[in-house]
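First residue of the sequence shown? That's 73 in the working numbering, and the numbers climb one at a time after it. Virtual Cβ for every residue (Gly too), placed ideally from N, Cα, C. Bear in mind that the values here come from a model prediction, so they are computed numbers and not experimental data.
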Amino acid sequence: MITSLDQLDLHKKYSYADYLTWNLGERVELLRGYVRKMAPAPSDEHQRISSFLHGTIWYHLRQKECEVRHAPYDVRLIIPSDTPLSSRRRKSATSLSDEEIETVVQPDILVICDPAKIDDRGCLGAPDLIIEILSRGNNKEDTEEKFTIYESAGVPEYWIVHPFEQTITVYRPDSSGRYAGSRPFAPGSQLTSEILKELEIPVAEVFSRK
């Protein structure tokens with residue numbers, strides 16, 4: 073059994089089937105088959121922001137079909153360009169074997185509106201909304217590597233929260249399927265979402281220490 077990152081070849085591609093056999097002390101994700109070690113325990117600021125957003129969204133979604141989850145929670149994403157499947161099988165993530173899945177992420181917060189995507193192992197397929205809260209060690213990874221993955225996997229809405237700038241940028245696909253970003257939402261503005269209808273979040277409260 074794999075119990076340490078030292079036992080893995082980080083230049084080798086792995087699948088979700090491999091991932092399930094690991095019993096690591098560290099949290100990792102699979103990005104297009106490659107292992108990426110996640111940051112250690114998040115900062116207090118990260119936790120405060122995550123707790124506020126998760127609680128606000130949870131309260132908004134009560135008695136609605138969509139559900140909110142938070143890390144650690146595995147999301148198995150299907151990226152068509154990475155998976156040599158027929159068109160028919162690309163339309164059905166549930167038809168994939170664990171060996172065919174090469175991307176497993178743990179977003180800070182996610183919203184799932186299709187209950188068929190939820191199983192005992194997490195979410196299979198693109199959530200309707202993913203929120204990532206940047207930390208000092210992962211800005212480049214979240215704004216570049218994961219950005220491309222979420223875009224390619226068809227995640228309809230992606231928020232990037234910048235604690236240091238105190239802004240939130242919302243990305244949605246344009247007519248070509250590529251992400252287009254909103255103007256940054258800053259303190260003094262109300263954050264809105266196409267996925268979370270009728271929800272307005274005062275940005276100042278997201279970053280407040282009270």
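Proximity below 7 angstroms, CB of residue i to CB of residue j
i           : j           : result
residue 104 : residue 174 : yes
residue 200 : residue 273 : no
residue 230 : residue 202 : yes
residue 145 : residue 194 : yes
residue 95  : residue 110 : no
residue 198 : residue 227 : yes
Local Cβ density within 10 Å of residue i, reported as buried at 16 or more and exposed below that
i           : result
residue 218 : buried
residue 179 : buried
residue 204 : buried
Coarse secondary structure for residue i, derived from DSSP in three states
i           : result
residue 275 : helix
residue 251 : strand
residue 245 : strand
residue 93  : coil
residue 193 : coil
residue 173 : coil
residue 220 : helix
Separation of residue j from residue i, as counted between CA atoms
i           : j           : result
residue 153 : residue 225 : 9 angstroms
residue 167 : residue 256 : 38 angstroms
residue 264 : residue 108 : 32 angstroms
residue 176 : residue 132 : 27 angstroms
residue 185 : residue 137 : 6 angstroms
residue 253 : residue 93  : 38 angstroms
residue 101 : residue 82  : 12 angstroms
residue 223 : residue 106 : 18 angstroms
Other residues of its chain near residue i: CB distance less than 6 angstroms, five sequence neighbours each side excluded
i           : result
residue 89  : 170, 171
residue 163 : Per-residue confidence for residue 163 stands at a pLDDT of 46, beneath the threshold of 50, marking its modelled position as unreliable; the derived number appears in the next sentence. Excluding positions up to five away in sequence, the list is empty.
Residues near residue i in its chain [Cβ-Cβ closer than 7 angstroms; skip 5 each side]
i           : result
residue 208 : none
beta-carbon residue i near the ligand GTP non-hydrogen atom, thresh 6 angstroms
i           : result
residue 267 : What this structure holds is no ligand at all, so the ligand GTP is not there to describe.
Cβ shell of residue i (< 8 angstroms), same chain only, five flanking positions each side left out
i           : result
residue 121 : 205, 233, 235, 278, 279
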